[in-house]
């Protein structure tokens, strides 16, 4: 197990939901009380037990990081997703290990952009300066993920608080828990179902790719196998080949939405209608008859997508959470 990144997450932060059991299974049955919600109105604070959490400090840290690079948006969103799908939303992906065997060192996590980690670390520093030992890294990551969506034009939603940080972070626990770029609908649905998320949640969360990017190696097989993937729009395939020739530098990346890559909108779904999904796991959402209606609905109605995405993000933020006295167990 690795040691925490600096500044360290408090190993035993004052519990915000102390003594409340976590019920696994149906998310609607989870024992989360009316949550302490950060609403970002007039720099408001959320108070519990006389301790104030500065919403202003959190938001300003994210704004500052975003002003330095837009990569902050997709990097933070992806970091949150990868964290929640391995050991639950407990910030265990933030842990560093001298021996290189923490979650972040697993092959599936090596492509996580450093700007996502930096966003959480800097937000943690700012919050600790005002409210030491109160807010967990897990909650900060969840809040930051919401904030980057809002700051790039996406929907706002409340963030349930009270997550405790995990104590276990092992690279060997990552394999098989994250979706791959070549997954079909069944594999995607099964993986999300394992985390108490529906296929509809999965389709909505895929919309985060509207601000995503990918290294060429992740989709090169669609271009340079025996034939170009027939589900790819030919013009889009040619564009990708120009950006990612066979001998391309492995550090080169392309936007998942080539048209409005810095705006959180519904263009991702409209691109799927035109055969312009970057991964085969993106395009399958339109080619599969079971998921196609939702894609068409989100493509036609951004408000519908925003509502579904906000709901799915709240549900994602409940995956495997540790609250009260509950901690990791070997």
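In the UniProt record's numbering, the protein residues as written are 1 to 330.
Here a beta-carbon is modelled for each residue, glycine too, at the ideal position from N, C-alpha and C.
### Task
Measure the alpha-carbon distance for residue 246 versus residue 224 and round it to whole angstroms.
8 angstroms
### Message
Quick check on residue 120: does DSSP put it in helix, strand or coil?
### Response
helix
### Query
beta strand (DSSP E) containing residue 284: first to last residue?
First-last for residue 284: 280-287, but that is the alpha helix (DSSP H), not the beta strand (DSSP E).
### Query
At what residue ranges does the stretch 135-166 contain a whole run of the alpha helix (DSSP H), taking only runs of 4 or more?
137-151
### Query
residue 249 to residue 229, Cα distance in whole Å?
22 angstroms
### Message
Considering just the uninterrupted stretch of the alpha helix (DSSP H) at residue 109, what are its terminal residues?
### Response
No alpha helix (DSSP H) contains residue 109, which DSSP labels as neither H nor E.
### Query
Quick one: what's residue 253 bridged to in DSSP?
215
### Message
What does the alpha-carbon distance come out to for the pair residue 155 and residue 208?
### Response
11 angstroms
#### Entry: Local Cβ density within 10 Å of residue 293, reported as buried at 16 or more and exposed below that
exposed
### Task
Taking all protein chains shown into account, decide if residue 252 is buried (16 or more other Cβ within 10 angstroms of its Cβ) or exposed.
exposed
### Task
Taking 7 angstroms as the cut-off, decide whether the C-beta atoms of residue 177 and residue 86 are in contact.
yes
### Query
Mind checking whether residue 169 and residue 95 have CB atoms under 7 angstroms apart?
yes
### Query
Does DSSP put residue 203 in a helix, a strand or coil?
helix
### Task
Below 8 angstroms on the Cβ atoms is my guess for residue 272 versus residue 259; work out the distance and round it to an integer in Å.
No, residue 272 and residue 259 are not in contact; Cβ-Cβ is about 13 angstroms, not under 8 angstroms.
### Query
Grouping DSSP H, G and I as helix and E and B as strand, with all else coil, what is residue 242?
helix
### Query
Per DSSP, what kind of secondary structure is residue 184 in: helix, strand or coil?
coil
#### Entry: Nearest residue (CA-CA) to residue 243, options 264, 219, 266 and 265
219
### Query
For residue 77, which of 55, 289, 105 and 115 has the nearest alpha-carbon?
115
### Query
Less than 7 angstroms separating the beta-carbons of residue 58 and residue 143?
yes
### Query
Helix or strand or just coil, what does DSSP make of residue 305?
helix
### Message
With distance defined between alpha-carbon atoms, name the residue in 82, 113, 108 and 93 nearest to residue 69.
### Response
113
### Message
For residue 132 and residue 61, I'd like the C-alpha separation in whole angstroms.
### Response
16 angstroms
### Message
Rounding to the nearest angstrom, what Cα-Cα distance links residue 217 and residue 130 in this structure?
### Response
43 angstroms
### Range covered by the alpha helix (DSSP H) that runs through residue 178
Premise fails: residue 178 is in no alpha helix (DSSP H) and is neither H nor E.
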